[in-house]
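Note sheet for the following structure.
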Amino acid sequence: MDSRVIKLTTAAHKHGNLNIRTCGLGFFPKGILGGSTKAKLGNEITVKAEGLPDYIKTDIPTDRNTGRPRWIFRRRSWVKKFVRYHNLKPNESVRIKRINEKTYEVIPENNNGQGSTKQRLRKTTGTRQVTSEERRVEIYQKHFDPTKASDVTHDTPLERLNLNWREKDLREKERTKHVHRLHPYLGKYIPQLVEIFLRKYFTPGQTVLDPFVGSGTTSVQANELGINSIGYDVSAFNILLARVKAGKYDLIKARKEVLDVLNKVRLATQIDKRQAKLFVEDLPDELKELLSETDSEYLKEWFAPRALRELLTYRYFIKIGTYYYLDLLKVILSRSARSARLTTHFDLDFPKNPQRGPYWCYKHSRTCSPIKEAFKFLRRYSLDTLMRIEEFARVRTDASVELYHADSRKVRIPPIDGVMTSPPYVGLIDYHDQHAYSYHLLGLPRNCHNEIGPASKGRSEEAKRQYKHDIAAVFHRVLDAMKSGGHLVVVAHDRANLYSDIANSIGVEVEDIVRRHVNRRTGRRAGSFFESVYIWRKR
Ligand SMILES: C[S@@+](CC[C@H](N)C(=O)[O-])C[C@H]1O[C@@H](n2cnc3c(N)ncnc32)[C@H](O)[C@@H]1O
């Protein structure tokens, strides 16, 4: 990617003048020079300044008397915000990158090895730092409202997208609509983001691929829009969950099966043994054994005895029954198990050790005790699951959904029209580990060693090199299955700046990069960050 480094002068801080003389005219598209006033604009380019939410459309003005370029951007109020955001000083440098003929990106150059903007901000003394609140205020001062997914069409310009939703713009209820909250999954993207790019780049009847399909967000949203989808994931539990979410159900039959198992477990575990005799003539010997013991050390360690008995009873009944929707029942069991673990309320994602006694709960600001039972969750999630699959059935189409348990570096991909995906990121999450309880309870095959960029391998330079290599290997296969001109939409919080190298190595055209502010409100990973949506095109 072509780029130029330019030095900041005091004029940048005072007047927003970025001296771009050293870039030379050849670095910009023809026709960029405009007149001396706004009355005669040249062909504008789009400038993205790292850390700022708005894209800037600007040309380069010329001098009224001489007609020569003035070597600054005409639009420049953003420059002051940019230097303040990154805490840049006069004589420090910024890099201007040409992403494509009409799109440029401005980023701070690594000034004297002082590290990232965040580190620089932390090191600063004496100068006032930009608070995160100020940064957020800037972000939400867009000139137009956050985008409503259903309004997007092929013709919606990318620069008109505002993906910085606040809670009041996009409520949790909508973000977790129908099957999207069938089971917790750390690392999924929100359905509205997927919907926007599916509407922009695909038409009903086409086929979208997600090589890292996770919990199936892409498949569900594609189906809702009548777009066929193919998804791969290396984790068996994720594929089970994705299939259950995107599945088509005979709702009466599903309801009958879900309530049937629940009732059996209730009779076997919830009522007095003498009463139970009236309902369950004779509990099979096998069940009696199962209820009292399991050889899984993990399960014995992570569940209170009563909770474990209830979960194992449920597992027993779905195993011996002849249920058509067995996978749906497995997901109810898994979700209940997750809630019934011996954990604190505030660390459900990656608890390190079982919590056996009372503890001070940061979430509820009081002393809480760990869960001892599981049946209440089995009941709650059975009913919730039925409601959610019924809700999805109302918007489900007959578009095909194919989901495979596979390593995307090794699959042979059938013809597709494009890609919508959020890949795993280097050193961030162990995708098998987050559902360890399911693997133990359901006896699913583990394929952890084939996960790309797992947290367990860290973020060393070697881990990053391997990550780029693996992600590129997947995209090489993907590109082989696409026609030229097809789009790949890739969502990543690329804090180590790896995706420009990946794009280069696979030879795609970078059509655009849309940034959005993400504000996670709950959980151990609460906090805000910027996420990038890379829009690539096969050449
Ligand atoms: C960020 S998550 C995707 C989440 C998904 N977009 C969703 O909304 O549920 C990345 C996924 O990539 C999967 N993955 C990691 N390595 C893989 C590989 N070699 N082949 C296929 N999938 C892989 C992980 O199991 C994980 O589910």
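In case it helps, my numbering puts the sequence shown at residues 6 to 544. Cβ atoms here follow ideal geometry from the backbone N, Cα and C, with glycine treated the same way.
Asked, Found
"What residue range is occupied by the uninterrupted alpha helix (DSSP H) comprising Pro196?", "Pro196 to Tyr206"
"Could you tell me whether the stretch 186-202 touches the stretch 213-229, where touching means 3 or more Cβ pairs closer than 8 angstroms?", "yes"
"Can you list, in chain order, the residues of its chain whose CB lies under 7 angstroms from that of Gly512, leaving out five sequence neighbours each side?", "Arg544"
"Can you say whether Glu49 is buried or exposed, counting buried as having 16 or more other CB atoms within 10 angstroms of its CB?", "buried"
"Give the range of the beta strand (DSSP E) segment to which Ile365 is assigned.", "Checking the sequence, you will find Trp at residue 365 rather than Ile. Its beta strand (DSSP E) spans residues Tyr364 to Cys366."
"Could you tell me the alpha carbon to alpha carbon distance between His350 and Ile376, rounded to whole angstroms?", "10 angstroms"
"Give me whichever residues DSSP pairs with Leu408 in a beta bridge.", "Gly236"
"Just checking Ile457 against ligand 1 - is the residue's beta carbon closer than 6 angstroms to any of the ligand's heavy atoms?", "yes"
"In chain order, which beta strand (DSSP E) runs of at least 3 residues are fully inside the stretch 56-100?", "60-63"
"What are the boundary residues of the alpha helix (DSSP H) that Pro113 is part of?", "Taken as a continuous stretch (DSSP letters only), Pro113 belongs to no alpha helix (DSSP H), being part of the beta strand (DSSP E) at Thr108 to Pro113."
"Mapping the DSSP letters down to three states, classify Tyr328 as helix, strand or coil.", "coil"
"Look up Lys123 in the DSSP assignment and say whether it is helix, strand or coil.", "Only weak support is given to the placement of Lys123: the predicted model assigns it a pLDDT of 44, under 50, and the value that follows is read from those uncertain coordinates. In this structure, Lys123 counts as helix in the three-state DSSP scheme."
"Nearest by alpha-carbon distance to Asn228: which of Lys253, Leu245, Arg26 and Asp238 is it?", "Lys253"
"Using 8 angstroms as the Cβ pair cut-off and three pairs as the minimum, do the stretch 373-388 and the stretch 412-422 touch?", "no"
"Check whether the stretch 58-72 and the stretch 95-102 touch, using three or more Cβ-Cβ pairs below 8 angstroms as the test.", "no"
"Roughly how many angstroms lie between the CA atoms of Gln275 and Asn268, to the nearest whole one?", "10 angstroms"
"Can you tell me where the alpha helix (DSSP H) with Asn225 in it begins and where it stops?", "Per the sequence presented here, residue 225 reads as Val, with Asn not at that position. Val225 -> alpha helix (DSSP H) spans Thr222 to Glu229."
"To the nearest angstrom, how far is the alpha carbon of Lys305 from that of Gln211?", "48 angstroms"
"So is Lys53 buried or exposed if we call it buried at 16+ other beta carbons inside 10 Å?", "buried"
"Taking the alpha-carbon of Tyr364 as reference, which of Tyr330, Asn22, Thr327 and Thr348 has the nearest alpha-carbon?", "Thr348"
"Measuring alpha carbon to alpha carbon, tell me which of Leu38, Phe380, Ile77 and Tyr60 ends up nearest Ala16.", "Ile77"
"Which complete beta strand (DSSP E) runs does the stretch 434-511 hold, if anything under 3 residues is left out?", "492-497"
"Using a threshold of 6 angstroms, is the CB atom of Tyr442 nearer than that to any non-hydrogen atom of ligand 1?", "no"
"Does the beta carbon of Phe534 fall short of 6 angstroms from some heavy atom of ligand 1?", "no"
"Apply the 10 Å Cβ neighbour rule to Phe149 and answer buried if 16 or more other Cβ atoms are within range, or exposed otherwise.", "exposed"
"Based on the DSSP output, what are the partners of Met425 in its beta bridges?", "Val494"
"Using beta-carbon positions only, say whether Trp83 and Leu46 come within less than 7 angstroms of one another.", "no"
"Taking three-plus beta-carbon pairs below 8 angstroms as touching, is the stretch 254-265 in contact with the stretch 452-467?", "no"
"Run through the DSSP bridge pairs and tell me what Cys373 is partnered with.", "Tyr364"
"When DSSP labels each residue in this structure, what does Glu378 get in the three-state scheme?", "coil"
"What I want to know is whether the C-beta of Thr181 ends up closer than 6 angstroms to one or more non-hydrogen atoms of ligand 1.", "no"
"So for Phe33, helix, strand or coil by DSSP?", "coil"
"Would a C-beta distance cut-off of 7 angstroms place Val270 and Thr318 closer than the cut-off?", "yes"
"Closer than 8 angstroms is the cut-off here; do at least three beta carbon pairs connect the stretch 236-250 with the stretch 432-452?", "yes"
"Would you give the residue range spanned by the alpha helix (DSSP H) that Arg180 belongs to?", "Glu177 to Arg180"
"Tell me the rounded alpha-carbon separation between His159 and Arg520.", "19 angstroms"
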